[in-house]
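Please read the structure below before turning to the comments.
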Amino acid sequence: MRNSLLLKMLTIAGLMLVLVVPLMMIQGKVRDRSNEAWHVKNEIARQVSGEQLISGPVLVVPRIRRYLTEKSDCEAPKDCRVERHRRIMESAIPDTLSVDGELQTQMRYRGIYGTPVYRSLLQLEAVFPASWNRMQSPEQVVSSDAPLLVMQVADLRGLVERPQIFVNDVALPLVETEQLPSGLGDGAVAVQLPKNIHGAFTVKVRLNLNGTESLAALPLAKETRMALRADWPHPSFEGLVLPVEREVRADGFSSQWRTNSLAAASAIHCAGGNGLCSEPDQALRVRLVQPVTGLLSSERALKYSFLIVGLTFAAFFLFEVLRRYPLHAMQYLLVGLALAMFYLLLVALSEHVDFIWAYLSAALSCCALIGVYLMAVMRSPVSGWGFAGSLLLVQGLIYGILMAEDYALLLGAMLLFAALSVVMLVTRKLDWYGFAAGRSSEKPAAADGLET
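Throughout, my numbering is defined as the position within the sequence shown, counted from one, plus 25.
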């Protein structure tokens, strides 16, 4: 005894819920592989060096200042104030800062996963004004240590060689890490300013620096200019301001930033007295972006899995309604599992070949399997391969939606509207009450020919 129309629709809905389980399992597998790729990136960053952020040079003077505080439990006003001393870092930024750098990039892999790394040669030049040694409220100063020229590097493991710092074209020796004041942080590189420097002076710094994925510099100057060149064709410019000039080519990119102390006031305030700032949005940054990976594209494709299954089941149901040929729930389920297998094949293949070839191979394989199966189920090669061809067309449309990132919502809405329009136009003259009442007494056309 055949099911009623309502029971058939409920059965189809139940089958779609059943197919949620394998599709969610495939999504979980994609998340696992994405986490593994993320761990590989972190492992490479630990062994090479992490994302680099440089700041400086800035002039830092450790000082001890006196200040007055009031006691909370005193009675006589003249005895309520007490003098205390506090050690602080006072800094001065240069008038101009110029950063010029060139990056040589490569992909570093662990197994099938990788991340871009780079080796950079950076030339920095800063000009400090003649008023660099002018202090505020000198009457509060108890003592001052020797001025230091300080650079901050986010990950010192990336230094291929010791930085070279020149003051007025004279090379100065680096202050060893254990001799630096404690308030400068772990990434400080400093030299002591010569005692014979009294007026304006120029500082030049040469850095040979390795890093992973991104390079940034804090604009700690009244006027900052930065120019970077690299052989990586997929840059992403981020941070405080975007480059005023940039050129992205197939063999690399070049970019130039220009900013000033008014625009970069937040970065200068963040750096404070020691030139240290860990806010990523305060720097001028370029990120070496990997082209869309197979895992990311597979994850996006999985978002359309329920749409494809729903459209396929709707087409089957429409076939039953128009041809009055019943399909068993198990046949719906097997076709749904074949569609789920498409996504599993897509995830597996996209880790080893380009996404377009992985998508094409998985789509052809699963549609061919469904075509062979439906040819026997529907007892018609035309119907079976017609369904398979239509499914392949839908897969092609979904691929087009995946590639058109900015228009994905528009194209997806148009696809759904087109599918609904086809269903409504095809069934506009169908008597649903008569169909539901007549199914129990009708036999499928293919089966009638077999009876005697």
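By construction, the Cβ of each residue, glycine as well, lies at the ideal position given by its N, Cα and C atoms. In this text, all values refer to a predicted model and were calculated from it rather than measured experimentally.
Between the segment 154-161 and the segment 267-278 there are fewer than three inter-stretch CB-CB distances shorter than 8 Å, so the stretches are not counted as touching. DSSP places H110 inside the beta strand (DSSP E), whose first and last residues are R106 to A117.
By the Cβ criterion, the segment 38-50 is in contact with the segment 358-369, since at least three pairs of Cβ atoms, one from each stretch, lie closer than 8 Å. In the DSSP secondary-structure assignment, V85 is bridged to S116 and L173. Exclusion of the five residues before and after L394 leaves A363 as the residues of its chain whose Cβ lies within less than 6 Å of its Cβ. By alpha-carbon distance to Y138, the top candidate from L93, I69 and I113 is I69. Straight across, the Cα-Cα distance linking Y384 with P406 is about 25 Å. For S280, same chain residues with a beta-carbon under 6 Å away, outside a window of 5 residues either side, are L253, P268 and R271 in chain order. If you look at I395, you'll find it in the alpha helix (DSSP H) that goes F380 to V402. According to DSSP, D125 shares a beta bridge with Q148 and A252. Judged by beta-carbon spacing, V142 lies beyond the 7 Å limit of V65, meaning their Cβ atoms are not closer than that value. A413 is the residue among S386, L321, A413 and Q315 whose C-alpha sits nearest the C-alpha of G361. A direct Cα-to-Cα measurement between L358 and V419 gives close to 19 Å. Distance from V86 to E127 at the Cβ level is roughly 33 Å; contact not present, criterion being Cβ atoms closer than 8 Å. In the three-state reduction of the DSSP assignment, E186 falls in the coil class.
For P260, no alpha helix (DSSP H) encloses it; the enclosing beta strand (DSSP E) starts and ends at P260 to G264. Counting the other CB atoms within 10 Å of its CB gives E201 a total below 16, which places it among the exposed residues. Nearest to V152 by C-alpha distance, out of R133, V124 and D120, is D120. Contact between the segment 375-382 and the segment 344-357 is absent, with fewer than three C-beta pairs closer than 8 Å. If you draw a straight line from the Cα of L309 to the Cα of M251, it comes to about 8 Å. Shown here for L399: same chain residues with a beta carbon closer than 6 Å to its own, the five before and five after excluded, namely G409 and F412 in chain order. Secondary structure note for S280: its beta strand (DSSP E) is the uninterrupted segment G277 to N285.
Taking C-beta atoms as the reference points, M176 and P82 count as a pair closer than 7 Å.
Residue burial annotation: T94 is exposed, with fewer than 16 other C-beta atoms found within 10 angstroms of its C-beta. Just measuring C-alpha positions, the residue of L173, V192, L147 and E203 sitting nearest L184 is L147. Where Q315 is concerned, there is no enclosing alpha helix (DSSP H), because DSSP gives it neither an H nor an E. Beta-carbon to beta-carbon, V266 and L343 are separated by about 56 Å, too far to satisfy the 8 Å threshold.
Restricting attention to C392, D194 and T237, the CA atom closest to the CA of F226 is found in D194.
In the DSSP assignment, no residue is bridged to N193.
Only residues of its own chain outside the window of five on either side were considered, and among them E76, T140, P141, R312 and L313 have a CB closer than 7 Å to the CB of E238, listed in chain order. DSSP places V407 inside the alpha helix (DSSP H), whose first and last residues are P406 to M428.
V372 is classed as buried because its beta carbon has at least 16 other beta carbons within 10 Å across all chains shown. The residue from G264, M449, V346 and C295 with its alpha-carbon nearest to that of R283 is G264. DSSP places T237 in the strand class (E or B) of the three-state scheme. Contact annotation, K229 with L174: C-beta distance approximately 11 Å; criterion of less than 8 Å not satisfied. Around the C-beta of S261, fewer than 16 other C-beta atoms lie within 10 Å, and the residue is accordingly described as exposed.
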